[in-house]
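The structure under discussion appears below in the form of structure tokens.
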Amino acid sequence: MNDILLYHIDEALLVAEKPAGLLSVPGRAEGNRDCVVTRLQAHYPDVLTVHRLDQVTSGLLLHARGKAMQVALSAQFERRQVGKRYEALVQGLVEEEVGEIALPLICDWPNRPKQKVDFELGKLALTRWRVMARDADTRCTRLELEPVTGRSHQLRLHLASIGHPIVGDVLYGAVPAARVCLHARALAFAHPRSGQAMAFESPVPF
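Each residue of the sequence shown is one higher than the one before, starting from 12 at the first, in our numbering.
Laid out in structure tokens, this is it:
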């Protein structure tokens, strides 16, 4: 399926890995029709989107098979019952070992798709982070990230807002690099039919 890896498939759902640079869903422009869900539907016509990753982000995506399963899985995201862990390489040496970023976010309409911090109109957004490693030579820090909320560009903007943009994320002030170093590494949820705990982990490609 052209660079899309399948981690799991059954009658209710499908877990796939999205490569960096590919859209999760079709874009508005006619030239942006190629995306993860379109490629999956070519093989599994009943596949529907449950959540998304930014085009620049790689990693695990959960898809439903049929509308009923889409509603059930989406409800788990809405109730924050889905475990999500990301890994990122950020510019600079982060001093603390763990922390939280709570900054309200809203779309920066004149500069779409860019988002911005807005304390009056922004929606609550919370990110937890933990240092995994520091590299004094490159002056970069590897972080594990937990997005408690799921706002657009949340991880990217939150990290840039504390002075540590993700490596390669020029939209939010980083120096250009081969890619934006953000990967959706782990995904955990309950199977919508059996209730069984499901957990998946994807190797980080940077």
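Yeah, the Cβ is synthetic: ideal placement off N, Cα and C, and Gly gets one too.
Within 10 angstroms of the beta-carbon of Met80 lie 16 or more other beta-carbons, which makes it buried. The region 33-43 and the region 73-90 do not touch, with fewer than 3 CB-CB distances between them shorter than 8 Å. Ala171 is not a Cβ neighbour of Val178, given a cutoff of 8 Å.
Excluding residues up to 5 positions away in sequence, Arg50 lie with their Cβ nearer than 7 Å to the Cβ of Asn13 in the same chain. When the beta-carbon positions are compared, His62 and Leu24 stay at least 8 Å from each other.
A distance below 8 Å between beta-carbons, with the five flanking residues on each side excluded, links Ile20 to the following residues of its chain, in chain order: Val26 and Tyr55. The three-state secondary structure of Thr152, taken from DSSP, is strand. Of the candidates Gly174, Val67, Gln92 and Gln52, Val67 places its Cα closest to the Cα of Ala195. Exposed is the label assigned to Gln207, since fewer than 16 other Cβ atoms lie within 10 Å of its Cβ. The DSSP assignment places 78-89 as complete runs of the alpha helix (DSSP H) inside the region 64-131, in order along the chain (cut-off: 4 residues). Pro121 and Gln102 have their C-alpha atoms spaced approximately 27 Å apart. About 6 Å separates the beta carbons of Val142 and Val105, which is inside the 8 Å limit, making them a contact pair. For His169, the uninterrupted alpha helix (DSSP H) segment begins and ends at Gln165 to Ser172. Collapsing the DSSP output to three states places Glu41 in a helix. In this chain, the alpha helix (DSSP H) harbouring Val47 covers Val47 to Gln52. Annotation for Gln52: Val58 place their beta carbon closer than 6 Å to its own, counting only its chain and skipping 5 residues before and after.
Taking the C-beta atoms as reference points, Lys125 is found no nearer than 8 Å to Leu193.
It is roughly 12 Å from the alpha-carbon of Arg204 to the alpha-carbon of Arg76. According to the DSSP assignment, Ile20 belongs to the beta strand (DSSP E) that extends over Leu16 to Ile20. A residue is called buried when at least 16 other Cβ atoms come within 10 angstroms of its Cβ; Val191 meets this threshold and is buried.
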